[in-house]
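Below you'll find the structure, written out as structure tokens, and then a few comments.
Numbering (my numbering), first residue to last: 3 to 167.
As structure tokens, this is what we get:
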């Protein structure tokens, strides 16, 4: 599986910062490189008050969102570098294709695939259901605020569509 070190580091740094913030009502996060993309403003205004039963906590960075008692169950950043073709696991939930980085399980870093701008979500599987989180955020936020330019494929669908000789 391909690891995206800078994205994972950013997610982990945000979680570490949250731990230091203690009782703070604002989560300290770093904005993504392209957080000023107008579509990220659309993402931001569509962020729900709760995701998978976790309440939203305010963040101090543009185009970000956080949910959970301390804001660390779910972290979202819009404007991250879109992933290119990869052999990493790709799933479709909420009408959106997501690349899944499982290297820090039970915490997962998932990034939209084939969408501009790209959105990443850092999910704590011990606090929430990743499938429910991605379905809710996909349907309510990402699907309506970003543009799809590509989709995931898998070996089975490519073999089925190939002409036979």
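Heads up, the beta-carbon is just placed ideally off N, CA and C, and yes, glycines get one too.
Bear in mind the structure is a predicted one, so any value in this text is a computation, not a measurement.
DSSP three-state call for residue i: helix, strand or coil?
{"i": "residue 24", "result": "At residue 24 the pLDDT is 48, less than 50, meaning the model places this residue with poor confidence and gives no usable figure here."}
{"i": "residue 134", "result": "helix"}
{"i": "residue 41", "result": "helix"}
{"i": "residue 46", "result": "helix"}
{"i": "residue 141", "result": "helix"}
{"i": "residue 75", "result": "coil"}
{"i": "residue 68", "result": "strand"}
{"i": "residue 160", "result": "With a pLDDT of 34 at residue 160, under the threshold of 50, the modelled position of this residue cannot be trusted; read the value that follows with caution. Residue state, collapsed to three classes: helix."}
{"i": "residue 88", "result": "coil"}
Can you check which of these residues, the options, is closest to residue i by C-alpha distance?
{"i": "residue 2", "options": "27, 134, 82", "result": "Given that the chain is displayed from residue 3 to residue 167, the structure contains no residue 2 and the question cannot be resolved."}
{"i": "residue 140", "options": "29, 45, 35, 36", "result": "45"}
{"i": "residue 115", "options": "132, 70, 97", "result": "97"}
{"i": "residue 75", "options": "34, 153, 155, 132", "result": "132"}
{"i": "residue 129", "options": "70, 59, 136", "result": "70"}
{"i": "residue 143", "options": "27, 34, 43, 33", "result": "43"}
{"i": "residue 126", "options": "68, 51, 34", "result": "68"}
{"i": "residue 145", "options": "103, 99, 112", "result": "99"}
{"i": "residue 92", "options": "38, 29, 136, 33", "result": "136"}
Would the beta-carbon of residue i fall within 8 Å of that of residue j?
{"i": "residue 72", "j": "residue 31", "result": "no"}
{"i": "residue 2", "j": "residue 148", "result": "Since the first and last residues shown for the chain are 3 and 167, residue 2 lies out of range."}
{"i": "residue 108", "j": "residue 41", "result": "no"}
{"i": "residue 101", "j": "residue 88", "result": "yes"}
{"i": "residue 36", "j": "residue 86", "result": "no"}
{"i": "residue 48", "j": "residue 65", "result": "no"}
{"i": "residue 27", "j": "residue 59", "result": "yes"}
{"i": "residue 138", "j": "residue 29", "result": "no"}
State the start and end residues of the unbroken beta strand (DSSP E) segment that holds residue i.
{"i": "residue 32", "result": "From DSSP, residue 32 is part of no beta strand (DSSP E); its letter is neither H nor E."}
{"i": "residue 122", "result": "120 to 126"}
{"i": "residue 110", "result": "109 to 114"}
{"i": "residue 92", "result": "91 to 95"}
{"i": "residue 56", "result": "56 to 61"}
{"i": "residue 51", "result": "It is not in any beta strand (DSSP E) - residue 51 carries neither H nor E in the DSSP assignment."}
Using a C-beta cutoff of 8 Å, does residue i count as contacting chain C?
{"i": "residue 83", "result": "In the displayed structure, chain C is absent; only one protein chain is listed."}
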